[in-house]
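With the numbering used here applied, the sequence shown has no gaps in its numbers, which climb one by one up to 276 at the end.
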Amino acid sequence: MSGIEQFSLAGKVIVMTGATGILGEAMSLAIGQAGAKVAILGRNRERAEERVAAIEAAGGEAMAVLGDVLDEKEMQSAKEAILEAWGTIDGLVNAAGGNIPGATVMPDQNLFDTKIEDTKKAVDLNLFGTIIPTQVFGRVIAEKGKGAIVNISSLTAQRPLTRVLGYTIAKKAVEAYTQWMAVELAQRYGDGVRVNAIAPGVFLTEQNRTLLLNADGGYTDRAQKFINNTPFRRLGNPEELTGTLIYLLSDASKFVSGETILVDGGFNAFSGV
4 MSGIEQFSLA GKVIVMTGAT GILGEAMSLA IGQAGAKVAI LGRNRERAEE RVAAIEAAGG
64 EAMAVLGDVL DEKEMQSAKE AILEAWGTID GLVNAAGGNI PGATVMPDQN LFDTKIEDTK
124 KAVDLNLFGT IIPTQVFGRV IAEKGKGAIV NISSLTAQRP LTRVLGYTIA KKAVEAYTQW
184 MAVELAQRYG DGVRVNAIAP GVFLTEQNRT LLLNADGGYT DRAQKFINNT PFRRLGNPEE
244 LTGTLIYLLS DASKFVSGET ILVDGGFNAF SGV
């Protein structure tokens, strides 16, 4: 296999958590367009079915599976439904996550009045919402000896952003877990099983909308700071994550594991000068 064929996902079954979000919508559609069968896993039935309809309208194949990534029993049930329908699992995208408002330190808030319970919720969602699906779906991939797992980190794991305490802690842990799991899987199951991560820069999503947009729809001061410190001088578009995702799920990256790839318009590389 050479050239563009390496990037094909034809015949593969890919499970995707968090596909009902804004970034997940673009990523799930791209996976389907690359030839994979896509299992859309989420808690919102209506949105999951919308994602399935979009993939099918583009000529792909998909199914909606309901489940909470923090509920291991629901993940097991989802796995059984996918295996019953398609017989195997070749890849997993752990895209469930996001910021939780209560885990954000507001400018007028005393730093030491941080809501610990909400911070724990942010860590649970982003870290254990990655670990639990990997424990369930990753077992299938590992036991067949071939497949790819892609986790979603964040640029805040590379350069910690102010205010988003819980999210920053969790995403840094996701990157450590990505490296740890990549090594463990390779040593125990061989070189056909890979784990990598994508660290998106600043993209407008449902979870960060209040941090980036004013009530009138204009950018907040925080959003403008991001733009000013991004060499591309703009926020990212969801579709700009999909090329990296397809690469990491496909055979084009079969000697890549334990890596986190930044997709941030140069934000992390920019010194500000």
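Beta carbons: idealized from backbone N, C-alpha and C, even for Gly. Quick caveat: nothing in here was measured; it's all calculated off a predicted structure.
Straight through space, the alpha carbons of PHE206 and ASN240 are spaced by roughly 6 Å. ALA202 is positioned such that its CB atom lies closer than 8 Å to that of SER156. Spatial neighbours of GLN182 in its own chain (CB-CB distance under 7 Å, excluding positions within 5 residues in sequence) are listed in chain order as GLY261. Taking every protein chain shown into account, the CB of MET184 has 16 or more other CB atoms within 10 angstroms, so this residue is buried.
Here the region 76-87 makes no contact with the region 106-118; the two share fewer than three CB pairs at distances below 8 Å. Contact between the region 165-173 and the region 124-144 is present, with at least three C-beta pairs closer than 8 Å. Taken in chain order, the unbroken stretches of beta strand (DSSP E) that lie wholly in the region 149-230 and span 3 residues or more are 150-155 and 196-203. Ranked by how close their Cα comes to the Cα of ARG166, the residues VAL72, GLY195, ILE58 and ASN211 have ASN211 in first place. Taking the C-beta atoms as reference points, ALA200 is found nearer than 8 Å to VAL153. For LYS82, the enclosing alpha helix (DSSP H) begins and ends at 75-89. The Cβ atoms of ALA98 and LEU158 do not sit closer than 8 Å to each other.
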